[in-house]
Amino acid sequence: MNANKNEVSVFHGEGHLTGCSSDEEPGAKTMIFSQIETPDQLVSNRNAEFMHRYFPLATVDLWNDWKWQLRNSITSIEGLRKIMPLSDKEIMALNNLKGRLPLRITPYYASLIYKTKPSNPLRRIVVPVVEELLQAPEEKFDPLHEQLSSPVKGIVHRYPDRVLFTVTQVCSAYCRYCTRSHSVGKLDKLGKNDFEKAFEYIRNHREVRDVLISGGDPLTMSDGMLDYILSNLRAIPHVEILRIGSRVPVVLPQRITQNLISILRKYHPLYISLHFTHPDEITPECSEACIKLADGGFPLGSQTVLLKGINDDVETMKKLFHKLLMIRVKPYYLYQCDLIPGSAQFRTSINKGLEIIRGLRGFTSGYAIPHYVVDVPGGGGKIPLLPDYVVEHNNEKIVLRNYEGKIFEYPEI
Ligand code: SF4
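Add 89 to a position in the sequence shown, counting from 1, and you land on the number used in my numbering.
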């Protein structure tokens with residue numbers, strides 16, 4: 090089962106890959122390595138070439154093993170230097186990450202960036218530059234005040250009927266603009282007692298009908314741990330829906346195994362919020378992972394952070410949202426970048442976000458248009474923003490501007 094039979098082929102079996110070209114963009118056409126197709130054996134051309142060059146002892150089976158991907162992730166400047174030349178700004182940042190958001194890039198995601206320039210959007214997402222070390226006065230370690238809204242370890246209870254449950258601090262790749270850069274990547278783990286207290290809190294708060302399981306990235310946890318967490322939450326009668334927030338299909342698509350899907354399927358209704366940043370992230374492997382999840386019956390939504398020089402133009406966003414719909418992911422939120430330390434390099438004006446929404450609404454399907462929100466500093470929650478479509482509104486009528494700039498009226502009753 091391929092995401093796109095015209096673009097994707099698969100390689101099956103042991104041994105090294107040969108004869109693959111590599112001067113293509115992420116997600117570009119793939120050569121045929123074998124006629125044998127199984128869903129868990131997908132290796133696109135770019136990945137095959139990378140694997141052959143930098144992991145010559147790895148088999149395709151190993152490459153497709155998510156635990157191998159985690160074990161072989163790049164976590165140091167030395168590791169990164171082996172696969173790509175680094176700029177001075179990158180070296181300076183990598184030499185000063187102590188106590189900050191660590192470096193972690195899966196071999197899979199590294200295969201998407203190893204031949205790129207420092208300005209490449211995907212590279213900027215995971216490779217730090219020196220600007221990350223500079224903190225502007227308006228930037229705070231916990232800009233959303235999540236710690237103040239945390240009644241017990243792991244739970245953030247800000248909104249009336251739902252809670253955020255941060256079950257791990259580990260991600261398979263760390264995004265340099267991460268809102269929780271103050272906590273992710275740190276060793277602070279939830280122990281069994283912490284989990285029991287978190288379940289107890291939700292059990293005692295009958296108003297909680299929706300639990301968002303996040304982190305870190307929950308899908309970096311073992312199948313057994315996920316089963317434990319989900320079964321405990323599903324056993325609470327007033328919890329109606331469960332959600333998982335994850336970037337794994339984008340940075341570690343090998344994790345989406347049939348076994349994982351069988352476990353998750355026991356806990357419907359289960360929604361999955363994925364985190365995409367750029368259209369080049371939608372590779373054959375990523376598409377395959379999302380389609381497997383969609384076939385598992387999980388409604389898929391995406392969250393995207395608006396990032397300067399990475400995705401802050403209408404065409405890039407439109408391409409991303411169109412590609413997401415093709416892999417059955419509904420663009421859900423477009424976030425204004427949070428005010429975390431070192432985020433000035435990534436932050437755009439609010440006008441830029443409004444300009445993007447204005448450039449989408451009316452020009453493409455409504456399904457391709459996410460809500461543009463600012464998660465306001467100080468813990469005020471998400472506030473949606475819209476371009477100014479209302480020209481005038483009084484007791485008699487509302488005067489509206491459409492996507493073409495034409496003016497229309499609708500009577501007030
Ligand atoms: S995957 Fe999410 S939690 Fe992990 S580093 Fe990226 S933004 Fe942060």
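Every residue, glycine too, gets a C-beta built ideally from N, C-alpha and C.
Three-pair Cβ contact test at 8 Å for the stretch 223 to 230 versus the stretch 185 to 198: no
For a quick check, are the C-beta atoms of Met173 and Tyr203 less than 8 Å apart? Translated into positions along the sequence shown, residue 173 becomes position 84. Translated into positions along the sequence shown, residue 203 becomes position 114. Yes. Within cutoff.
Any non-hydrogen atom of ligand 1 closer than 7 Å to Cys267 Cβ: The sequence position of residue 267 within the sequence shown is 178, counting from 1. Correct: Cys267 has its Cβ closer than 7 Å to ligand 1.
When you measure from the CB of Val231 to every non-hydrogen atom of ligand 1, does any distance come out below 7 Å? Your numbering for residue 231 matches position 142 in the sequence shown. Strictly speaking, residue 231 in this sequence is Asp, with Val absent from that position. Incorrect: Asp231 has no Cβ contact closer than 7 Å to ligand 1.
Looking at the strands, I want to know which residues DSSP matches up with Thr453. The residue given as residue 453 occupies position 364 in the sequence shown. Beta-bridge pairing links Thr453 to Arg450.
Could you say which of Tyr422, Thr309, Glu404 and Asp401 lies nearest to Ser362 if we only look at CA atoms? Here residue 362 refers to the residue found at position 273 when the sequence shown is read from its first residue. For Ser362, the nearest C-alpha among the options comes from Tyr422.
Any heavy atom of ligand 1 inside 7 Å of the beta-carbon of Cys426? Translated into the one-based positions of the sequence shown, residue 426 becomes position 337. Answer for Cys426: no, Cβ out of range of ligand 1.
Shorter than 7 Å, the distance from the beta carbon of Tyr478 to the closest heavy atom of ligand 1, or not? Here residue 478 refers to the residue found at position 389 when the sequence shown is read from its first residue. No, the Cβ of Tyr478 stays beyond 7 Å of every heavy atom of ligand 1.
Local conformation of Ser200 per DSSP, three classes: By one-based count along the sequence shown, residue 200 stands at place 111. In this structure, Ser200 counts as helix in the three-state DSSP scheme.
When you compare only the Cα positions, how much space is there between Gly274 and Met310? Here residue 274 refers to the residue found at position 185 when the sequence shown is read from its first residue. Here residue 310 refers to the residue found at position 221 when the sequence shown is read from its first residue. Roughly 14 Å between the two C-alpha positions.
Should Val216 be counted as a contact of ligand 1 given a C-beta to heavy atom distance under 7 Å? Along the sequence shown, one-based indexing puts residue 216 at 127. No, the Cβ of Val216 stays beyond 7 Å of every heavy atom of ligand 1.
When we look at the beta-carbon of Gln347 and count the other beta-carbons within 10 Å, is it buried (16 or more) or exposed? Position 258 of the sequence shown, counted from the first residue, corresponds to residue 347. So Gln347 ends up on the exposed side.
Taking Cβ positions, are Leu279 and Lys242 nearer each other than 8 Å? As a position in the sequence shown, residue 279 is number 190, starting the count at 1. As a position in the sequence shown, residue 242 is number 153, starting the count at 1. In this structure, Lys242 lies closer than 8 Å to Leu279 by Cβ.
Between which two residues does the beta strand (DSSP E) containing Ser303 stretch? Numbered from its first residue, the sequence shown carries residue 303 at position 214. Ser303 -> beta strand (DSSP E) spans Asp299 to Ser303.
Is Asp283 near ligand 1, in the sense that its beta carbon is under 7 Å from a heavy atom of that ligand? Here residue 283 is taken as the residue at index 194 of the sequence shown, counted from 1. No - ligand 1 has no heavy atom lying nearer than 7 Å to the Cβ of Asp283.
Report yes if the C-beta of Asp250 is less than 7 Å from at least one heavy atom of ligand 1; otherwise report no. Walking along the sequence shown from the start, residue 250 turns up at place 161. No, ligand 1 has no heavy atom inside 7 Å of this Cβ.
Simplified DSSP assignment, three categories, for Phe387: Counting from one through the sequence shown, the residue named residue 387 turns up at place 298. Phe387: coil per DSSP, three-state reduction.
Cβ-based burial, Leu211 [other Cβ within 10 Å; buried from 16]: What you label residue 211 is simply residue 122 of the sequence shown in a count that begins at 1. Per the 10 Å Cβ criterion, buried.
Hey, how far is the Cα of Tyr456 from the Cα of Phe254? In the sequence shown, residue 456 corresponds to position 367, counting from 1. In the sequence shown, residue 254 corresponds to position 165, counting from 1. Tyr456 and Phe254: Cα-Cα distance of roughly 28 Å.
Can you tell me where the beta strand (DSSP E) with Pro249 in it begins and where it stops? In the sequence shown, residue 249 corresponds to position 160, counting from 1. Element bounds for Pro249: n/a, residue is neither H nor E.
Would you tell me roughly how many angstroms separate the C-alpha atoms of Val418 and Cys379, rounded to the nearest one? Numbered from 1 along the sequence shown, position 329 holds the residue referred to as residue 418. Numbered from 1 along the sequence shown, position 290 holds the residue referred to as residue 379. Using only the alpha carbons, I get a separation of about 8 Å.
DSSP beta-bridge partners for Asp464? Here residue 464 corresponds to residue number 375 of the sequence shown, with the count starting at 1. According to DSSP, which records beta bridges pairwise, Asp464 is partnered with Lys471.
Please determine, among Ser238, Arg269, Val256 and Arg160, the residue with the shortest C-alpha to C-alpha distance to Asp427. Working through the sequence shown from its first residue, we reach residue 427 at position 338. Among Ser238, Arg269, Val256 and Arg160, the Cα nearest to that of Asp427 is on Arg269.
Buried or exposed: where does Pro342 fall if 16 or more other Cβ atoms within 10 Å of its Cβ makes it buried? Against the sequence shown, residue 342 aligns to sequence position 253. Burial call: buried.
Apply the 10 Å Cβ neighbour rule to Ala324 and answer buried if 16 or more other Cβ atoms are within range, or exposed otherwise. The sequence position of residue 324 within the sequence shown is 235, counting from 1. Exposed: under 16 other Cβ atoms inside 10 Å.
Would you say Arg193 and Ser261 are within 8 Å of each other, going by their C-beta atoms? As a working mapping, residue 193 is identified with position 104 in the sequence shown. As a working mapping, residue 261 is identified with position 172 in the sequence shown. Yes, the pair counts as a contact, with Cβ atoms nearer than the cut-off.
Which same chain residues, not among the five before or five after Phe288, have their C-beta less than 6 Å away from its C-beta? As a first step, residue 288 is located in the sequence shown; it is residue number 199 there, counting from the start. Here the set comprises Asn321.
Which one of Asp177, Ser238 and Tyr197 has the shortest CA to CA distance from Lys156? In the sequence shown, counting from the first residue as 1, residue 156 sits at position 67. With distances taken between Cα atoms, Lys156 lies closest to Tyr197.
What are the residues that DSSP puts in a beta bridge with Ser335? Position 246 of the sequence shown, counted from the start, is the residue given in the question as residue 335. In DSSP, Ser335 forms a bridge with Leu363.
Counting along the chain, where does the beta strand (DSSP E) carrying Leu423 start and finish? Taking the first residue of the sequence shown as position 1, residue 423 is located at position 334. That run of the beta strand (DSSP E) goes Lys419 to Tyr424.
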